[in-house]
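Comments concern the structure below.
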Amino acid sequence: MKFLLITFLMISPCKMNAEEIEIVALRKLYYEAATSKASSIKLTSMLTKVNEQSKALLICYKGAAQMMEAKYAFSPITKFSKFNKGKVAIEKAILKDPKQIEIRFIRFSIQTNLPFFLGYNEAIKTDKEMLINSINKIEDDNLKQNIVNYLLTSKYCTSDEIKRIKNWQKT
1 MKFLLITFLM ISPCKMNAEE IEIVALRKLY YEAATSKASS IKLTSMLTKV NEQSKALLIC
61 YKGAAQMMEA KYAFSPITKF SKFNKGKVAI EKAILKDPKQ IEIRFIRFSI QTNLPFFLGY
121 NEAIKTDKEM LINSINKIED DNLKQNIVNY LLTSKYCTSD EIKRIKNWQK T
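In terms of the working numbering, the sequence shown has 118 at position 118, counting the first letter as 1, and numbering is strictly consecutive.
Right, dumping it as structure tokens:
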């Protein structure tokens with residue numbers, strides 16, 4: 001019995017580290033996919049087993065990957081189909097875990113980069129407010145830095161909001 005307990009305790013931290021590495025790898029590919037079709041393909045392949053029972057964050061990344069696929073698709077019909085699948089997945093992820101800051105960040109970054117005519121921009125203001133109000137609560141340094149950098153360069157932040165972000169960045 002002691003052997004099983006010791007084995008479990010030794011394996012548990014390794015599993016948590018593997019999950020963290022996976023999320024960091026997904027983040028990296030997500031950012032690269034904006035300018036690299038190869039990264040988009042790799043991101044999609046990493047998420048093939050994600051389904052509705054998966055964690056909300058993984059569902060959201062899968063939706064983002066589908067939207068990235070739309071960017072690189074040739075046919076307008078394929079583009080629109082992949083865009084809609086991605087949108088549905090992201091919204092399901094938000095319904096599943098509405099307070100998850102990284103999901104809100106993904107949706108904000110997508111909505112602020114899409115053409116206005118697609119009509120997927122209704123949550124920009126609420127997501128931005130949630131991100132700004134949560135910066136000082138984010139414990140994941142990598143995620144926090146990504147959000148801060150994005151907000152500081154976003155044309156959607158006012159000068160007062162940028163000052164608030166910079167003040168939190170100093171602390």
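For every residue, glycine included, the Cβ atom is placed at its ideal position computed from N, Cα and C.
Note that the coordinates shown come from a computational prediction; the quantities given were computed from them, not determined experimentally.
The alpha carbon of N84 has as its nearest neighbour, out of K99, K163, M130, L118, the alpha carbon of L118. A38 and N121 have their C-alpha atoms spaced approximately 27 angstroms apart. Taking E52 as the centre and dropping the five residues before and after it, the same chain places the C-beta of I59, K92 closer than 8 angstroms to its C-beta, in chain order.
The alpha-carbon separation between I147 and D140 amounts to approximately 11 angstroms. Pairing A34 with S40, the inter-Cα distance amounts to about 8 angstroms.
Boundaries of the alpha helix (DSSP H) around A89: 76 to 96. Proximity to K71 across N113, S45, K155 peaks at N113, based on C-alpha coordinates. Residues of the same chain with a CB within less than 8 angstroms of the CB of F80, apart from the 5 flanking positions on each side, are A70 in chain order. Taking 7 angstroms as the cut-off, the Cβ atoms of L57 and E102 count as close.
The closest CA to that of M67, considering only Q100, Y31, K55, L143, is found on Y31. Residues D127, L131, L143, N146, I147, Y150 of the same chain have their beta carbon placed closer than 8 angstroms to that of F105, with the five preceding and five following residues left out of the count. Between G63 and K87 a beta carbon distance of about 7 angstroms is seen, short of the 8 angstroms cut, so the two are scored as contacting. Assigned with DSSP and collapsed to three states, A73 falls in coil, not helix or strand.
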